[in-house]
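Just below is one structure, and these are the notes that go with it.
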DNA sequence: AATGATAATGGAAATCGTTTCCATTAACAC
DNA sequence: GTGTTAATGGAAACGATTTCCATTATCATT
């Protein structure tokens with residue numbers, strides 16, 4: 010654990026948003042100008058690989074990162090993605106039902122396709138409050 | 010509808026795999042050498058926007074495209090993504106249960122967040138048959 | 001056929017997030 | 001304090017996708 014790595018983890022832990030590598034760089038830079046973007050990427054890879062951080066792709070061309078659910082205080086959640094403004098809403102309604110079904114599905118798929126499943130992704134796409142066009 | 014557009018849609022319709030823009034270009038080029046990559050991208054955008062084609066991102070850095078479920082003969086399905094070799098498996102086990110829960114969730118989320126949901130994404134990640142490491 | 005307006009085209013260049021390279025520096029066991 | 005190794009950051013490379021722009025096809029109107 011070096012200064013730079015600590016800083017990256019700190020920033021992610023502090024923030025309750027989904028941060029891109031550059032977001033993180035921006036937040037760190039004022040305090041640790043010596044830490045470069047490359048190291049941020051490297052550190053993120055490590056944090057993801059040890060399971061502390063989750064890498065997310067909402068289709069906006071850049072990866073976002075959030076603290077893994079074990080430590081994020083929000084518990085397991087999924088995402089609502091606005092195609093208008095790109096806003097992401099975390100939700101955990103029905104999360105238990107979802108997880109139960111997912112578990113069941115995972116088990117069945119694992120068996121059927123001889124596949125070891127260790128992660129899943131659920132996202133809803135649409136238009137948020139402010140981006141909804143008036144009905145026509 | 011121009012020759013190039015027809016060709017793109019044809020290739021997607023014929024194939025039962027998930028094709029990248031370049032895959033499509035490769036398949037079209039021998040027959041229509043005049044059709045450029047740029048047009049493929051343009052056409053794909055159009056096909057996606059009118060709902061004939063679905064754009065997929067499996068996290069391999071390039072978008073993949075498949076025929077929308079209305080016309081693909083496979084019906085609604087979700088994906089199993091192998092992190093080892095990148096293989097994608099389409100499945101539709103429990104699809105009815107999944108869709109039922111998704112529908113219910115969508116309705117609730119729409120109301121709660123005043124969000125118009127028109128699409129969803131479900132993917133499982135893991136390691137396929139051949140990529141599974143021996144248990145240890 | 002000739003005209004003119006508009007849509008579609010493809011190749012080159014630009015874009016931009018991410019990776020790779022590599023020479024430098026930090027850490028640390030001996 | 002010397003040697004070995006891991007970590008670093010800046011520049012350059014990378015690669016999928018977009019943008020630019022001059023050319024070409026389309027087609028309704030004369």
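Chains as they are written, first to last, in this note's numbering: chain A, 10 to 145; chain B, 10 to 145. Heads up, the beta-carbon is just placed ideally off N, CA and C, and yes, glycines get one too. Owing to the predicted nature of the structure, the values given are computational and were not obtained by experimental measurement.
- For the segment 50-66 of chain A, residues whose beta-carbon sits nearer than 9 angstroms to a beta-carbon of chain B comprise 64 and 66.
- Chain B places a beta carbon closer than 8 angstroms to that of residue 126 of chain A, counting this residue as a contact.
- Residue 109 of chain A and residue 91 of chain B have their C-alpha atoms some 22 angstroms from each other.
- One finds 122, 123 and 124 in chain B with Cβ atoms closer than 8 angstroms to the Cβ of residue 138 of chain A, taken in chain order.
- Scanning its chain for C-beta atoms nearer than 6 angstroms, with the 5 sequence neighbours on each side dropped, one finds around residue 14 of chain A the residues 52, in chain order.
- Residue 16 of chain B is positioned such that its CB atom lies closer than 8 angstroms to that of residue 41 of chain B.
- Going by C-alpha positions, residue 34 of chain A is about 29 angstroms away from residue 133 of chain A.
- What residue 129 of chain A touches in chain B, judged by beta-carbon distance under 8 angstroms, is 131, 132, 133 and 134, going in chain order.
- Shown here, residue 105 of chain B sits in a helix according to DSSP, grouped into three states.
- For residue 64 of chain B, the enclosing beta strand (DSSP E) stretches over residues 62-65.
- In chain order, 118, 122 and 124 make up the part of chain A whose C-beta sits under 9 angstroms from the C-beta of residue 98 of chain B.
- Around the beta carbon of residue 137 of chain B, 16 or more other beta carbons sit within 10 angstroms, so the residue counts as buried.
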